[in-house]
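Data block below; observations after.
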């Protein structure tokens, strides 16, 4: 035990996945529900951790990025950045503990610069820049800390999901939704804004995420009990899939409203698959980031399938969270 991190439990998990690769297959899920005039509510759904089902029930009311919001309502992008940074902080604690480094404090500030996407009416955005900086109070030298940060950039699953190209699938009525191809490297001209979060380590697997300016509510981060946590909050992967589900539900509802003048209830179930052999360097061939992220949508009753598919395609193209996941966003982890 170091930094309140259970090294023995982690080593045991490594051995189990070497003996049985199925125990390395983790599936995380989220469900988002959009109702007109009421917005989006998103929750983590039960996870499947190496074949063992883990009950998960964390619920968030999600704010629209351009609307007046309550202090405790995160936007989809804030959920996504929390997921990426918390995964990196947790990986830093794990990596440092394995090298007998003691931390008194550790935090990451992550920021995403968002530029205007091609669908201005829907409020589409693209991520033009992603930056990550770690601050630490530790007995380690700056050289050692820089080595750990470089290893985290290579092995943190959510960081790699953002820096690599990640596949997504959209299903509507059990059928795949064809999506427009958009490999535009940068946003178009127009307004831009920056979203930033500061994720601080508390103890063991527990972290807190706040607005980088110290405003707004606090998002708790933890691990399931099966992974040495205490279920204090969603884990990093759950934050990322919740962000994606919430953004698509919100944008699909708005796309329908722009098309018809009104919207109905949209439900989005999102799942992400993680092979932890990549994270733990058990199998060099195993992917490190989340593999295919699947969106299963239910359109409002009475919506023609072709119209619903058009709304989904438009939402996917406009989503800043989907852009963050799908396109590679090079981002080294700086030691500040």
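Residue numbers (our numbering): 1 to 336. Glycine is no exception: its CB is placed at the ideal position from the N, C-alpha and C atoms. All of these numbers come straight from a predicted model, not from anything done at the bench.
- The residue among 109, 41, 166 and 225 with its C-alpha nearest the C-alpha of residue 30 is 41.
- The Cβ-Cβ distance between residue 248 and residue 290 does not fall below 9 angstroms.
- For residue 29, the three-state secondary structure derived from DSSP is strand.
- In the three-state reduction of the DSSP assignment, residue 124 falls in the coil class, being assigned neither a helical nor a strand state.
- The Cβ-Cβ distance between residue 266 and residue 300 falls below 9 angstroms.
- Across the structure, residue 231 and residue 251 are spaced so that their CA atoms are roughly 30 angstroms apart.
- Residues 78, 196, 197 and 198 of the same chain have their beta carbon placed closer than 8 angstroms to that of residue 211, with the five preceding and five following residues left out of the count.
- Going by C-alpha positions, residue 47 is about 12 angstroms away from residue 241.
- Per the coordinates, the alpha-carbon of residue 58 lies some 15 angstroms from the alpha-carbon of residue 76.
- Taking a cut-off of 8 angstroms on C-beta distances, the segment 141-149 does not touch the segment 113-126, as fewer than three cross pairs fall below it.
- Per DSSP, residue 280 is not a residue of any alpha helix (DSSP H), being assigned neither H nor E.
- Residue range 52-54 is occupied by the beta strand (DSSP E) that includes residue 53.
- The alpha-carbon separation between residue 24 and residue 239 amounts to approximately 20 angstroms.
- In the DSSP assignment, residue 115 falls within the unbroken beta strand (DSSP E) covering 103-116.
- In the three-state reduction of the DSSP assignment, residue 221 falls in the strand class, which pools E and B.
- Sorting 288, 315, 163 and 243 by C-alpha distance to the C-alpha of residue 82 places 243 at the top.
- Taking 9 angstroms as the cut-off, the Cβ atoms of residue 330 and residue 163 count as close.
- The three-state secondary structure of residue 78, taken from DSSP, is helix.
- Taking all protein chains in view, the Cβ of residue 237 is crowded by 16 or more other Cβ atoms within 10 Å, so the residue is classified as buried.
- Of the candidates 73, 166, 32 and 88, 88 places its Cα closest to the Cα of residue 332.
- Nearest Cα to residue 281 within the set 49, 45, 202 and 13: 13.
- Looking at the DSSP output, residue 266 shares a beta bridge with 34.
- Residue 217 is positioned such that its CB atom lies no closer than 9 angstroms to that of residue 323.
- At least 9 angstroms separates the beta-carbon of residue 308 from that of residue 194.
- Look at residue 336 here: in three-state DSSP terms it is coil, with no helix or strand label.
- Check the Cα spacing between residue 18 and each of 310, 275 and 327: the tightest is with 275.
- Taken through DSSP and simplified to helix, strand or coil, residue 65 comes out as coil.
- The continuous stretches of beta strand (DSSP E) do not include residue 324, which lies in the alpha helix (DSSP H) extending over residues 320-326.
- Taking the CA atoms as reference points, residue 319 sits about 24 angstroms from residue 221.
- Taken through DSSP and simplified to helix, strand or coil, residue 261 comes out as coil.
- By a beta-carbon distance limit of 8 angstroms, residue 108 does not contact residue 94. Their separation comes to about 14 angstroms.
- In the DSSP assignment, residue 191 falls outside any alpha helix (DSSP H), carrying neither H nor E.
- Residue 254 and residue 135 have their alpha carbons spaced roughly 39 angstroms apart.
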